[in-house]
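Q: Just dropping this structure here.
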Amino acid sequence: MCGFALTGVVATTAPDAVEPAHMRPAPVVPAEFEKCPPGMEMRVSDPGGAGPPESGALTPEQADRYHRQLRDALVPLRGQQLEPPHTVPVVVHVISAEDGSGDVSDERIHEQIDVLNTAYSGGYAGVTAQEVGVGETAKRSAGVKAAEENAADTGFRFELAEITRTVDDDWFTGFDQHRDTIRARLRQGGAETLNIYTADLGPGLLGYSTFPQDYKDKPEQDGVVVAHDTLPGGDRDRFNLGHTGTHEIGHWLGLFHTFQNGCTPPGDYVDDTPYEREAASGCPVDRDTCPDEPGKDAVTNFMNYSDDACMTHFTEGQGRRMVEHWAAFRS
Ligand SMILES: [Zn+2]
Numbered sequence: 016m017c018g019f020a021l022t023g024v025v026a027t028t029a030p031d032a033v034e035p036a037h038m039r040p041a042p043v044v045p046a047e048f049e050k051c052p053p054g055m056e057m058r059v060s061d062p063g064g065a066g067p068p069e070s071g072a073l074t075p076e077q078a079d080r081y082h083r084q085l086r087d088a089l090v091p092l093r094g095q096q097l098e099p100p101h102t103v104p105v106v107v108h109v110i111s112a113e114d115g116s117g118d119v120s121d122e123r124i125h126e127q128i129d130v131l132n133t134a135y136s137g138g139y140a141g142v143t144a145q146e147v148g149v150g151e152t153a154k155r156s157a158g159v160k161a162a163e164e165n166a167a168d169t170g171f172r173f174e175l176a177e178i179t180r181t182v183d184d185d186w187f188t189g190f191d192q193h194r195d196t197i198r199a200r201l202r203q204g205g206a207e208t209l210n211i212y213t214a215d216l217g218p219g220l221l222g223y224s225t226f227p228q229d230y231k232d233k234p235e236q237d238g239v240v241v242a243h244d245t246l247p248g249g250d251r252d253r254f255n256l257g258h259t260g261t262h263e264i265g266h267w268l269g270l271f272h273t274f275q276n277g278c279t280p281p282g283d284y285v286d287d288t289p290y291e292r293e294a295a296s297g298c299p300v301d302r303d304t305c306p307d308e309p310g311k312d313a314v315t316n317f318m319n320y321s322d323d324a325c326m327t328h329f330t331e332g333q334g335r336r337m338v339e340h341w342a343a344f345r346s
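Under the numbering used here, the residues of the sequence shown are numbered 16 to 346, in order.
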């Protein structure tokens, strides 16, 4: 069912089902994830090469804690109609170097906003891989088509409110060391305002985001960080169509990776995304890493690690979960 509009999601706060013991041994965490503190998520450019932790950047315990915070926050909203915002105001903070590196143009920022609005309205579903430039290996398949029939119009729309520009060599190349300072100085608006920072994040890191649950304790750090060359028209090979932004904003709205918790319940806490053992890299359509569970991997879902050209949709369940997070933490 394409283009299903999420109008009127009713808060469901049924008592906890007893969850099966889903704790797996702590995954081996490669070095590039270790600098990622709780509450941050990373999208790596070459997850296959580094061997990602089996359940993504969040441990099962961290994901469980976020989920419980969501459920608790929804209790007072029980029975209310939950709806996405009319539009999400977006402030983009461009950090660039004195030699002009990373000085993302206004035009590319507008294109990024257009990409977000198309992605969150379900507009990329059904676009063939060839049309967006993926090679022969990424031909559509019955499995992909079936997944995309569940492509949602999440209801979320984004509107550019302001662009700020800061020229600082240290901030540009050392965003990670300075990020608390940078965000505290530049961030605008309240919980409902999406602040996006662009800088040079170095090799292997495309972006990261805070979760809505983090806002209460650290409002000044709330937001999304993306490598400047991932915006549309950038130089980042395989990741320059703007879907790093799409993906990170999915986290900013509360979504986990489709491979969260691997093949083990509760997975990514979304009913209509199949279980997935590990992140996808490239565009391995028809992959099925949890053969004992229904459905093939959500390779073309925005919350995977696939190439930009491979990503096409959010599901209705993900749309509902984003609306729930919005109502609980950002409205
Ligand atoms: Zn991610």
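Note that beta-carbon positions come from the ideal geometry of N, C-alpha and C, so glycine has one too.
For the segment 211-244, list the beta strand (DSSP E) runs that are entirely contained and at least 3 residues long, ordered along the chain.
A: 220-224 and 239-242
Q: Return the chain-ordered list of same chain residues with a C-beta closer than 8 Å to the C-beta of residue 124, the five sequence neighbours on each side being excluded.
A: 107, 109, 175, 178 and 246
Q: Alpha carbon to alpha carbon, how far is residue 301 from residue 195? Give it in angstroms, no decimals.
A: 41 Å
Q: Hey, residue 269 and residue 336 are a contact pair by Cβ (cut 8 Å); roughly how many whole angstroms apart?
A: Indeed they touch by this definition, with Cβ atoms about 6 Å apart.
Q: Roughly how many angstroms lie between the CA atoms of residue 118 and residue 90, to the nearest whole one?
A: 44 Å
Q: What's the C-alpha gap between residue 317 and residue 217?
A: 22 Å
Q: Taking 8 Å as the threshold, find out whether the segment 224-236 comes into contact with the segment 305-316 through three or more Cβ pairs.
A: no
Q: Going by DSSP, name the residue or residues bridged to residue 316.
A: 328
Q: For the alpha helix (DSSP H) that contains residue 176, what are its first and last residues?
A: Premise fails: residue 176 lies in the beta strand (DSSP E), 173-182, not in any alpha helix (DSSP H).
Q: With burial defined as no fewer than 16 other Cβ atoms inside 10 Å of the residue's Cβ, what is the status of residue 101: buried or exposed?
A: exposed
Q: Helix, strand or coil, according to DSSP, for residue 104 in the structure here?
A: strand
Q: Can we count residue 244 as close to ligand 3, meaning its CB is less than 8 Å from some heavy atom?
A: This structure simply doesn't include ligand 3; it includes ligand 1 instead.
Q: Exposed or buried, residue 280, counting other C-beta atoms within 10 Å across all chains shown (16 or more means buried)?
A: exposed
Q: Taking the beta carbon of residue 275 as the centre, do at least 16 other beta carbons fall within 10 Å, making it buried, or is it exposed?
A: buried
Q: Under the criterion of a Cβ to heavy atom distance below 8 Å, does residue 342 qualify as lining ligand 1?
A: Flag unset: Cβ of residue 342 not near ligand 1.
Q: With three or more C-beta pairs closer than 8 Å as the rule, is the segment 193-208 touching the segment 121-135?
A: no
Q: Would you identify the three-state DSSP class for residue 39, choosing helix, strand or coil?
A: Note that residue 39 scores 26 on pLDDT, short of 50, meaning its location in the model is unreliable and no value can be drawn from it.
Q: Relative to the alpha-carbon of residue 250, which residue among 296, 286 and 323 has its alpha-carbon at the smallest distance?
A: Closest by alpha carbon: 323.
Q: Quick one: is the Cβ of residue 224 within less than 8 Å of any heavy atom of ligand 1?
A: yes
Q: From residue 190 to residue 183, what does the alpha carbon distance come to, in whole angstroms?
A: 10 Å
Q: If you reduce the DSSP assignment to three classes, tell me which class residue 67 lands in.
A: Bear in mind that the predicted position of residue 67 carries a pLDDT of just 33, short of 50, making it too unreliable to give a figure here.
Q: From the DSSP output, in three-state form, read off residue 130 for me.
A: Of the three classes helix, strand and coil, the one that applies to residue 130 here is helix, per DSSP.
Q: Label residue 339 either buried or exposed according to how many other C-beta atoms from any shown protein chain fall within 10 Å of its C-beta, with 16 as the threshold for buried.
A: buried
Q: Compute the beta-carbon to beta-carbon distance between residue 345 and residue 227, rounded to the nearest angstrom, for a pair I have assumed lies under 8 Å.
A: 6 Å
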